[in-house]
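Going by numbering that gives the first Met the number 0, the first residue of the sequence shown is number 0, and it counts up by one from there. Don't be surprised by glycine CBs; every beta carbon is placed ideally from N, CA and C. Since the structure comes first, as structure tokens, the remarks are kept for the end.
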Amino acid sequence: MSALPRILQHRAFILGSDFIICYQKRKLSGLRPHHKVRSLGLPRIGHTPKRCSAEEAVVSVKSGDHIYLHHAASTPTDLIRALSERVLRENLTGISLSHALLFGDVPWVEERFHDRMRSNCIFICPNLRPLVNKGKADYLPVFLSESARIYDEKALKVDVAFLNVSPPDKHGYCSLGVSVDMSSGAARNAESIIATINKSQPRTFGDTAIHISQIDAIVEENVSPIFEIHEAPISKEDAAIGKLIAENLVTDGATVQLGIGAIPDVVAKNLKNHKDLGVHTELVGSSIQELIECNAVTNTQKTFHRGKVVACFAMGTRNFYDFVNNNPLFLFGSAGYTNNVQNIARNSRMTAINCGIEVDITGQVCSDSIGKTFYSGFGGQVDFIFGASIAGDGLGKSIIALPSITSKGESRIVPYIKQGGGIVTTRAHVHYIVTEQGIAQLWGKNTRQRAFELISIAHPSHREDLEKAAFERIGCMPLRD
């Protein structure tokens with residue numbers, strides 16, 4: 000009997016588009032045949048969730064529990080507040096919280112919570128960055144494409160999942176809304192699910208459905224709206240970088256991925272005169288709405304999910320959330336699907352645009368740390384850089400963008416990555432590095448040629464020192480040919 004039928008005998012544990020991916024993972028992981036998971040889209044016959052206040056909903060949480068927090072725009076503010084109050088009131092200890100970005104108040108940054116609640120950050124948010132670097136919270140480096148897998152394979156346990164979902168439709172189906180990514184994986188592996196029913200949460204299409212009977216307790220009254228995210232401040236360097244990328248590296252008909260930050264936003268603003276662009280990304284934001292409305296994004300030339308904007312989470316303005324709500328143009332999947340490198344590579348002219356913190360003269364990219372200081376996380380940078388690099392049509396482009404200097408005037412193009420800094424993208428993966436000084440094309444070039452290219456886009460005040468340092472590192476002068 001083939002392997003696939005044997006798996007099916009034991010119940011495939013992920014439904015829909017993710018099944019084949021998870022089938023491959025099961026082969027690798029050696030999970031027990033009856034690995035316990037929820038089928039989020041399957042009604043639980045005879046089960047009705049408890050309707051209660053946030054304070055009543057968190058009563059089931061006990062010391063030592065592992066809790067997953069819905070993240071980014073869907074941060075479950077009301078459940079977080081109620082849990083924090085109960086932890087102090089009931090003297091609970093040893094509660095572990097796994098999550099990515101969190102917005103709003105995180106009470107456990109206060110000293111009185113440090114033995115009671117501890118974050119395990121898949122992506123480090125600014126409000127928890129000091130705790131991570133003081134050893135009071137943890138950083139879990141993982142590709143976004145594998146973030147759901149860490150729950151599927153029980154690398155991270157989930158006793159309770161805190162979700163922030165849309166109201167149910169007439170069939171009882173809620174939506175995970177604008178934060179699907181790892182949330183679907185965490186929810187289907189949770190012992191129990193507590194959710195706020197949020198009228199401001201968009202109903203999205205794709206792998207987003209959760210039947211209300213799969214939820215154990217729901218909070219419907221006095222629920223805070225999901226978070227709106229507005230454009231980051233744009234510097235003159237950001238503006239120059241965005242224009243360089245849009246005008247020189249993004250072609251008509253390309254499928255684009257735009258990472259997080261000011262530079263990707265500027266790139267989008269400079270794409271309004273392009274034609275027939277497609278979008279396959281992790282994060283989709285308000286700038287994509289503008290490109291759709293001016294007809295720059297049509298998705299008609301895509302070779303994977305033609306006609307759809309594919310993403311795993313969204314952040315933007317209220318106007319953008321209203322645009323996404325019940326809009327079949329958008330397809331939201333788990334990160335294991337959207338960020339699967341083989342799926343990314345199926346897109347025509349896949350162009351991945353991400354940001355770095357520091358780049359050495361051989362092309363190694365540090366993106367999650369500043370020296371010894373943990374700063375952010377892997378996110379989907381490696382997934383998309385690699386996926387674009389191996390795109391089947393041979394026309395993919397992997398791009399890293401960064402200003403040439405820091406706010407203190409230090410060069411971001413360096414001889415060596417700072418001590419303690421982490422290599423997120425290897426020198427073999429990246430095709431282009433872009434600063435406001437120009438574009439360095441690295442693919443197919445040796446270290447001597449790479450050093451020449453990168454020094455040429457460094458800030459002029461640092462180029463002479465970089466040439467000397469390059470000679471010491473590679474043993475010869477950097478040259479174009």
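With fewer than 16 other CB atoms across the displayed protein chains lying within 10 angstroms of its CB, Y415 is exposed.
For G386, the CB contacts under 6 Å within the same chain, skipping 5 residues up- and downstream, are V340, I343, A344 in chain order.
Taking C-beta atoms as the reference points, K301 and N269 fail to come closer than 7 Å. As DSSP reads the structure, T254 sits in a beta bridge with G277, M349. Cβ-Cβ distances below 7 Å link A238 to V265 in the same chain, with the five nearest sequence neighbours on each side left out; the list follows chain order.
Ranking A154, K198, G40 by CA distance to the CA of D321 puts K198 first. E220 has its alpha-carbon roughly 45 Å from the corresponding atom of A245. Around the CB of D359, 16 or more other CB atoms lie within 10 Å, so the residue is classed as buried. When the beta-carbon positions are compared, I193 and A186 stay at least 7 Å from each other. The Cβ atoms of L155 and S97 lie closer than 7 Å to each other.
Boundaries for L39: no beta strand (DSSP E) harbours it, and the DSSP string shows neither H nor E there. According to the DSSP secondary-structure assignment, G205 is paired through a beta bridge with F331. Annotation for Q440: no alpha helix (DSSP H) segment contains it, though the beta strand (DSSP E) segment containing it runs 437 to 440. When DSSP assignments are scanned along the segment 345 to 391, the uninterrupted stretches of beta strand (DSSP E) that are 3 or more residues long and fall wholly within it turn out to be 349 to 354, 357 to 359. The segment 82 to 92 makes no contact with the segment 124 to 132: fewer than 3 CB pairs, one atom from each, lie closer than 8 Å. Within the same chain, and ignoring the five residues on either side of T405 in sequence, the residues whose Cβ sits closer than 7 Å to its Cβ are R411.
When the alpha-carbon of F204 is set against those of E227, V323, A160, the nearest one is in V323. Secondary structure of K235 (DSSP, three-state): helix. Here DSSP, grouped into helix, strand and coil, assigns Y320 to helix. In the DSSP assignment, L82 falls within the alpha helix (DSSP H) that extends over 76 to 89. Judged by their CB atoms, L143 and G378 are nearer to each other than the 7 Å cut-off.
When rounded, the separation of the alpha-carbon atoms in G474 and L465 is 13 Å.
Contact between S118 and L100 does not hold, since the beta-carbon distance rounds to 12 Å and is not under 8 Å. Annotation for L162: the continuous beta strand (DSSP E) segment containing it runs 159 to 164.
It is roughly 15 Å from the alpha-carbon of V218 to the alpha-carbon of V60. Assigned with DSSP and collapsed to three states, R128 falls in helix.
In this structure, Y172 lies near A208, with their beta-carbon atoms less than 7 Å apart.
By the Cβ test, the segment 276 to 290 is in contact with the segment 302 to 314, since at least three Cβ pairs between them sit closer than 8 Å. Straight-line measurement puts the Cα of I291 at about 13 Å from the Cα of T254. Buried is the label assigned to R148, since at least 16 other Cβ atoms lie within 10 Å of its Cβ. Our two residues, R479 and L328, have alpha carbons roughly 45 Å apart in a direct line. Shortest Cα-Cα distance from G376 to any of I422, S73, M349 involves I422.
The C-beta of G395 has 16 or more other C-beta atoms within 10 Å across all chains shown, which makes the residue buried. D215 carries a coil assignment under DSSP once its states are collapsed to helix, strand and coil. Contact between A439 and I456 is confirmed by a C-beta separation of about 5 Å, below the 8 Å threshold.
By the criterion of a C-beta distance shorter than 6 Å, A81 is surrounded in its chain by A53, E54, V57, once the five residues flanking it on both sides are discounted.
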